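Enquirer: Below are the structure tokens for one structure; questions will follow.
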Amino acid sequence: MKEIEASLEELDKVVAYLKEVLPQNAIVFLRGDLAAGKTTLTQAIAKERGIESAVTSPTFSLQQCYEGKEGNSLYHYDLYRLEHEAFMQMGLFEEFEKPGWHMVEWGSESLKAFLEGVGYNVTTIDIDATEHGRRYRISH
Numbered sequence: 033m034k035e036i037e038a039s040l041e042e043l044d045k046v047v048a049y050l051k052e053v054l055p056q057n058a059i060v061f062l063r064g065d066l067a068a069g070k071t072t073l074t075q076a077i078a079k080e081r082g083i084e085s086a087v088t089s090p091t092f093s094l095q096q097c098y099e100g101k102e103g104n105s106l107y108h109y110d111l112y113r114l115e116h117e118a119f120m121q122m123g124l125f126e127e128f129e130k131p132g133w134h135m136v137e138w139g140s141e142s143l144k145a146f147l148e149g150v151g152y153n154v155t156t157i158d159i160d161a162t163e164h165g166r167r168y169r170i171s172h
């Protein structure tokens, strides 16, 4: 596990570390309280991947897809209040086959266990507020 403490201005430290350790295709679960910075981190990742469009939380659409430079696709999911079974019934599981980084907000432990059980590696980033910014605990 890697722990990084960063302010908003230092978020590039977290993004640089992720770029270094994550494979070209990755599933990342973002965990933290409301307003912890899950979407903010996804926005910083999108910027680094060459995505110029606005990155917003996919609260109502469940998923947003972005195409970056050199095919650096980014998929952003918001699964708040969506149970594992509903996720599967909606056919969203197949989306993880698409090449790129899949950033999952509010992913359940049962979804994570399922993904790992069928062979996916899932990185988890726990985000907590600190006095000077956020603490990012990255497990992969």
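Note that the numbering used here has the sequence shown beginning at 33, numbered continuously upward.
We put the beta carbon where it would ideally sit given N, CA and C, even for glycine.
A quick note: this is a predicted structure, and the numbers were derived from the prediction, not measured.
Would you check if there are 3 or more beta carbon pairs closer than 8 Å linking the segment 137-145 to the segment 109-119?
Expert: Yes, they touch.
Enquirer: Write down every uninterrupted run of the alpha helix (DSSP H) in the segment 100-134 whose length is 4 residues or greater and which is fully enclosed by it, in chain order.
Expert: Correct list: 116-121.
Enquirer: Roughly how many whole angstroms lie between the Cα atoms of I59 and T155?
Expert: Each residue's Cα considered, the two are about 6 Å apart.
Enquirer: Find out if the Cβ-Cβ distance for the pair Y49, K70 is shorter than 9 Å.
Expert: Not closer than 9 Å, so no.
Enquirer: So for A86, helix, strand or coil by DSSP?
Expert: Looking at A86 - three-state DSSP - the assignment turns out to be coil, as it is neither helix nor strand.
Enquirer: State the CB to CB distance for the pair Q95 and E127, rounded to an integer number of angstroms; the pair is presumed to be in contact (CB under 8 Å).
Expert: About 7 Å; that satisfies the 8 Å criterion.
Enquirer: In its own chain, which residues sit with a C-beta less than 8 Å from the C-beta of E165, not counting the 5 before and 5 after it?
Expert: The residue you asked about is not Glu; residue 165 is Gly in the sequence shown. If we look at G165 and ignore the five residues flanking it on each side, its Cβ neighbours are E37, A38, S39, L40 and E42.
Enquirer: If you reduce the DSSP assignment to three classes, tell me which class S142 lands in.
Expert: Reduced to three states, the DSSP call for S142 is helix.
Enquirer: Which of the three DSSP states, helix, strand or coil, is assigned to L73?
Expert: The answer is helix: DSSP assigns L73 an H, G or I state.
Enquirer: For F119, which of G132, F146 and E102 has the nearest alpha-carbon?
Expert: The shortest C-alpha separation from F119 is found at F146.
Enquirer: Helix, strand or coil, according to DSSP, for Y49 in the structure here?
Expert: Y49: helix per DSSP, three-state reduction.
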